[in-house]
Amino acid sequence: MSFNIDKQTLDELNLLGKFRQGSVYHLFNQVKTRGGEGLLDDMFHQPLQDHNAINERSSIFQFFQRSRFSFPFDVLQIDLMREYLDAGTGNNLLMIMGGTYVKRMLSSLTRDERYKEAIQGLQATIVTLKKCYTFLENIETEKGPYADKLKAIKKILSTKEIDMLLNTDIYTDLPVKTLAYFDYQLKNKLAEEMKAIMAFIYELDVYMAIGNVAEVKGFNYAKALPEERNVLSATDLRHPCIDGAIGNSLHMNEETNVVFLTGANMAGKSTLMKSLGIVMYLAHMGFPVAAQNLDFSVRAGMYTSINVADNIGLGYSHFYAEVVRVKEAAIAAASGKRLVLMFDELFKGTNVKDAYDGTLAVTEAFSEYLDCLFVVSTHIIEVGEALREIDNIHFAYMPTVMEDMRPRYTYRLQEGITEDRQGMMIIRNEGILELLA
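Quick note on my numbering: the sequence shown kicks off at 147 and runs consecutively.
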C-alpha cells in the first residue's frame with residue numbers, strides 16, 4: 147500500500163524538485179553519489195506506511211547523526227567501479243581470459259581504451275572495497291539499528307575471493323590471467339555480493355547526508371504510532387526551509403480531529419499549514435523534521451487545497467477550481483482511508499455570503515469523519531462562531547498586533563477565534579483612498 151498524495155499537494159508543499167528553489171528535496175539533497183541520489187529519490191517518492199518501518203529508519207538516521215561519520219569513499223572511484231561491474235564480459239573464465247588478451251593487444255596497436263578502462267575499473271573496485279573494509283573495522287557492528295546490515299557487509303568482505311582482492315597491489319602490472327580471474331569472480335560468482343556492496347555505499351551516502359542536515363538545521367525525529375491511534379502531536383513545529391521560522395505547537399486526536407484556524411491575511415495561516423504538511427510527509431519517510439517533538443499516527447495519505455488556481459485549459463474559474471478540489475477531498479475522506487486534509491481559505495473565489503455558507507457546510511460535513519485529521523482556515527471569523535457547538539472542532543488563530551496603527555504578525559498560534567478586523571485600517575495606512583480621491 148502506497149502513501150496517497152497527488153501532484154497538487156506535492157506542488158503546494160514544494161516537496162519535490164532537484165533544481166526547484168526552496169524545495170524540501172533540495173534541502174535534503176546533500177548526497178555525493180548518483181546512486182545515493184537515486185535512493186533519495188525513491189525515499190521521497192515512497193513514504194512508508196508501517197509505523198515500525200518508519201521508526202526503524204529514523205533510528206538509523208539518528209545512529210549516523212550521533213556517529214558523525216564522514217563519507218569515506220571517493221566519488222570518482224565509485225563511478226568507475228559501477229561502470230566496471232556493469233560492463234558484462236561473459237560467464238566463462240576461458241572466454242573472459244581470451245577477451246582480455248585481445249583487449250590488451252588492441253590497446254597496444256590502436257587507440258582502443260577498453261583494456262585501460264578495465265584495469266582502472268578493477269583498481270577502483272579494489273580501492274573502494276579496501277575503504278569499505280577499513281570503515282567497518284572502525285565502526286561498532288555488534289549492536290545498533292544498522293548492525294545487521296553492517297555485519298552482512300563485513301561477512302561479504304571476509305570471503306576468500308574478496309580477501310585476495312584486498313591484498314592485491316593495484317600499482318603493479320597485473321598478469322592478464324589475474325585480471326581475467328578477478329573479472330570473472332566479481333561479475334559472475336560475486337555479482338550479487340557486489341550489488342550488495344554498492345547498495346551499502348549508497349545507503350551510507352544517504353544516511354550520512356540526512357544525519358548531517360538534521361545536525362546543522364537542528365531537526366529532530368518523529369515517533370510513528372499505529373494508524374488506529376489517530377494522533378498528531380507536534381511541539382515547536384516550523385517550516386524546514388525558512389531560516390529562523392517561528393515554531394508552534396499543535397495537538398490533534400479523535401476527539402479534536404478538526405482544527406479551525408482563523409486569522410488575517412499574512413498572519414501565517416498558510417505557512418503553518420504547509421509546515422504541518424511537510425513535517426507529516428517527512429515523518430512518514432522516517433526523515434528528521436523541523437519540530438522539537440512529533441508523535442503521529444500513520445496516515446494513508448495527505449490532501450491539501452492551499453494555492454488553488456483557475457484552469458484556463460479546462461475553462462475553470464478560480465471558484466469552480468476550488469469546488470472541484472473540495473469535491474475531490476470529499477471523495478477521498480469518504481473512502482474510509484485515514485488521511486490528513488488541509489484547506490486554506492475555502493471558497494475565496496466567490497462572494498462573502500457564499501464563502502461563509504460553503505465554509506460552514508463543508509467544515510460541518512468534514513467533522514463527521516473522525517478517522518481523518520483536518521485543518522480548515524479562513525478569515526471569515528463568523529463561521530467559527532457557528533461551529534462552536536461541534537465538540538471535535540478545535541479553534542485556533544494567528545493573531546495580528548497593531549503597533550502605531552501598523553500590523554505586526556507574531557506567527558504564534560493561540561487558542562480561540564480571532565477578533566482581528568484590521569483590513570480597512572491597512573487600506574487607509576497604504577493611502578489608497580487618497581490616491582483615488
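All residues carry an ideal CB built from backbone N, CA and C; glycine is no exception.
All values reported here derive from a predicted model rather than from experimental measurement.
So what does residue i bridge to, in DSSP terms?
i, result
"Q560", "Y543"
"F406", "V522 and F541"
"E549", "R552"
"K369", "D441"
"V435", "N366"
Looking only at its own chain, which residues have a Cβ that is under 6 Å from the Cβ of residue i, when we skip the five neighbours before and after it?
i, result
"Q331", "E307"
"D389", "none"
"H540", "T402 and V405"
"F520", "V404, L487 and F512"
"P273", "Note on residue identity: the sequence assigns Val, not Pro, to residue 273. If we look at V273 and ignore the five residues flanking it on each side, its Cβ neighbours are Q223."
"I458", "Residue confidence for I458 is low, a pLDDT of 49 falling below 50, so the modelled location carries little weight; the figure read from the coordinates is stated next. Excluding sequence neighbours, I458 sits near nothing in its chain."
"A391", "R384 and H385"
"A413", "M544, T546 and Y555"
"E361", "Q211"
"E183", "V177"
Once you ignore the five residues that flank residue i on each side, which residues in its own chain have a CB closer than 7 Å to its CB?
i, result
"K277", "P218 and F219"
"T524", "T408, E491, L492 and T505"
"N394", "L383, L418, R558 and L559"
"Y292", "I206 and F209"
"M354", "F210, F215 and F217"
"R515", "Here residue 515 turns out to be Tyr, not Arg, going by the sequence shown. Once the five neighbours on either side are set aside, the close Cβ partners of Y515 are A479."
"F328", "L268 and L311"
"L226", "Q266, G267 and A270"
"T448", "Note on identity: in this sequence residue 448 is Met, with Thr being the wrong assignment. Around M448: I151, T155, G423, M426, Y427, L485 and V486."
"D500", "F493"
Where does the unbroken beta strand (DSSP E) through residue i begin, and where does it stop?
i, result
"H397", "N394 to M398"
"Y449", "G447 to S451"
"S204", "Run containing S204: none in the beta strand (DSSP E); it sits in the alpha helix (DSSP H), H197 to S213."
"F489", "L485 to D490"
"D382", "L378 to L383"
According to DSSP, simplified to helix, strand and coil, what is residue i?
i, result
"S304", "coil"
"N120", "Residue 120 lies beyond the residue range present for the chain, which begins at 147 and ends at 583; the question has no answer from this structure."
"Y466", "helix"
"N150", "strand"
"G461", "Bear in mind that the predicted position of G461 carries a pLDDT of just 45, short of 50, making it unreliable; the figure below should be weighed with that in mind. Coil."
"F346", "helix"
"E286", "coil"
"D456", "No answer about D456 holds up, because its pLDDT of 45 lies below 50 and its placement is not dependable."
"Y317", "coil"
"E474", "helix"
"R166", "coil"
"G184", "helix"
"L159", "coil"
"K494", "coil"
Considering residue i, what are the terminal residues of the alpha helix (DSSP H) in which it resides?
i, result
"T179", "That residue, T179, is in no alpha helix (DSSP H); it is neither H nor E in DSSP."
"D503", "V498 to F512"
"L516", "Careful: L516 lies outside any alpha helix (DSSP H) and carries neither H nor E."
"M412", "Run containing M412: none; DSSP gives neither H nor E here."
"A270", "R260 to E283"
"I527", "I527 to L533"
"L332", "Note, L332: premise wrong, no alpha helix (DSSP H); not H, not E."
"I388", "First-last for I388: undefined, no H or E at that position."
"D232", "V221 to D232"
"L173", "V170 to F174"
I'd like the list of long-range same chain contacts for residue i, defined as Cβ closer than 8 Å, with 5 residues on each side in sequence excluded.
i, result
"L460", "Its pLDDT being 49, under 50, L460 is placed unreliably in this model, and the value from its coordinates should be taken loosely. Here the set comprises nothing."
"R166", "N160 and H172"
"E374", "S443"
"V522", "V404, V405, F406, L407, M488, F489, L492, T505, V508, T509 and F512"
"A298", "A342"
"A429", "I200, A368, A370, V435, L440 and F442"
"V352", "V177, G182, L185, L186 and M189"
Between residue i and chain D, is there a C-beta pair that is closer than 8 Å?
i, result
"L226", "This model lacks chain D altogether; it includes just one protein chain."
Handout entry: At least three beta-carbon pairs within less than 8 Å, the stretch 392–411 to the stretch 543–554
Key = They touch, by the three-pair rule.
Problem - Validate contact between the stretch 152–162 and the stretch 414–430 using beta carbons, cut 8 Å, 3 pairs - result: Yes, the stretch 152–162 touches the stretch 414–430.
Exercise for the section: Inspect the CB distances between the stretch 313–322 and the stretch 189–198 and report whether three or more fall short of 8 Å. Expected result: The stretch 313–322 is not in contact with the stretch 189–198.
Problem - Validate contact between the stretch 360–371 and the stretch 427–442 using beta carbons, cut 8 Å, 3 pairs - result: By the Cβ rule, the stretch 360–371 counts as touching the stretch 427–442, because three or more pairs are nearer than 8 Å.
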